[in-house]
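Following this line, the structure appears as structure tokens:
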């Protein structure tokens, strides 16, 4: 439900969020260390690929990828068929790394708590074989995001209470209905707030919905700028063509645990998306109190945290935001997960 896992905050010094700069300023924190990456989306994949590059220079570096999915192949997406080449390349690279046993994959794993272990961290969780403890030096949480809105408190915002996007946007981007490629064209009109001449564009305009693509943001900006300069005809003439191949769909069947029996996500074979589980270091589609069903997304099956977990600004697909995870919540620069 987006709350911190037991023990998480006490071990904050060993936990990073999003995509830490493991090849730069954070290099010494990860070189030669045992690292667990929690999450099944593109942020997690980016972090793993950078850790793999680091391991090439520091062979003692050990990478463990923790997923709730039952099949790691569900993370690969459309691969060579993806109409977004950059996203397809991520899938190809992580598949190659997994196939070469370059990382340890633990799936399915439902984290229940963190514990200290002599300067290290134990991720303790449930598996089909029973409870398991994974001991590492550092944890990277890449399990979802939500927008940072605290600096806008003095403005009159019109936000949907569940999606945290502009009210008119919410039904257009609901991931239970729309994939990345099926979001209808929208512009200035849908992005309005009660605050005159105030708009949120880009990833933040999608609130908790994880299906943002950069092409959508470019058209949002064009439409809003046209409105701000008084060209209302241009503002209303919204045109947007999104890729049809490699984008994500929603699970066709969801079991009692919220796990889809199959999914059309990114053209992959039948795969099970993650199930929402309270008080765990795992991906959530949406907080349970939002009453929204699980949904796959172009940013993986990542999701959103509750207000208490948004310690620092967060967003999934833009460097200007900061990651806050569903149950792994803290600080960390967000990087590209959608392009």
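In this note's numbering, the protein residues as written are 74 to 412.
Glycine is no exception: its CB is placed at the ideal position from the N, C-alpha and C atoms.
In the three-state reduction of the DSSP assignment, residue 209 falls in the strand class, which pools E and B. When the Cα atoms are used, residue 180 and residue 148 turn out to be separated by approximately 12 angstroms. The beta-carbon separation of residue 159 and residue 152, rounded to 12 angstroms, does not stay under the 8 angstroms limit for a contact. Judged by DSSP secondary structure, residue 196 falls within the beta strand (DSSP E) whose first and last residues are 193-200. In this model, residue 245 and residue 130 are separated by some 46 angstroms (Cα to Cα).
According to DSSP, residue pairing for residue 109 in a beta bridge involves 137 and 212. The criterion of a C-beta distance shorter than 9 angstroms is not satisfied by residue 199 and residue 107.
Comparing C-alpha distances from residue 175 to each of 136, 182, 189 and 195 shows the shortest one belongs to 136. Per DSSP, residue 263 lies in no beta strand (DSSP E); the unbroken alpha helix (DSSP H) holding it starts and ends at 261-264. No residue range can be given for residue 221, since it is assigned to no beta strand (DSSP E) and is classified by DSSP as neither H nor E. With a contact defined as Cβ atoms closer than 8 angstroms, residue 230 and residue 266 qualify at about 5 angstroms.
Distance from the CA atom of residue 146 to the CA atom of residue 227, rounded to whole angstroms, is 45 angstroms. Straight across, the Cα-Cα distance linking residue 233 with residue 172 is about 42 angstroms.
Scanning the segment 118-172 for uninterrupted beta strand (DSSP E) segments of 3 residues or longer gives 135-139, listed from N- to C-terminal end.
The segment 307-314 and the segment 257-271 touch, with no fewer than 3 CB-CB distances between them shorter than 8 angstroms. For residue 269, the three-state secondary structure derived from DSSP is coil.
Counted as a single uninterrupted DSSP element, the alpha helix (DSSP H) harbouring residue 295 occupies residues 287-301.
Straight-line spacing of the CA atoms in residue 177 and residue 242 works out to 40 angstroms. The three-state secondary structure of residue 83, taken from DSSP, is helix. Where residue 226 is concerned, there is no enclosing beta strand (DSSP E), because DSSP gives it neither an H nor an E. A distance of 9 angstroms or more separates the beta carbons of residue 132 and residue 218. Straight-line spacing of the CA atoms in residue 188 and residue 78 works out to 10 angstroms. Annotation for residue 268: 228, 229 and 230 place their beta carbon closer than 8 angstroms to its own, counting only its chain and skipping 5 residues before and after. Look at residue 232 here: in three-state DSSP terms it is strand. Using a Cβ distance threshold of 9 angstroms, residue 238 and residue 278 count as a contacting pair. By the criterion of a C-beta distance shorter than 8 angstroms, residue 125 is surrounded in its chain by 136, 170, 175 and 176, once the five residues flanking it on both sides are discounted.
Judged by DSSP in its simplified three-state form, residue 89 adopts strand. The secondary-structure analysis by DSSP pairs residue 203 across a beta bridge with 200. Here the alpha carbons of residue 117 and residue 182 stand approximately 15 angstroms from one another.
Counting only the Cα atoms, residue 281 lies some 20 angstroms from residue 294.
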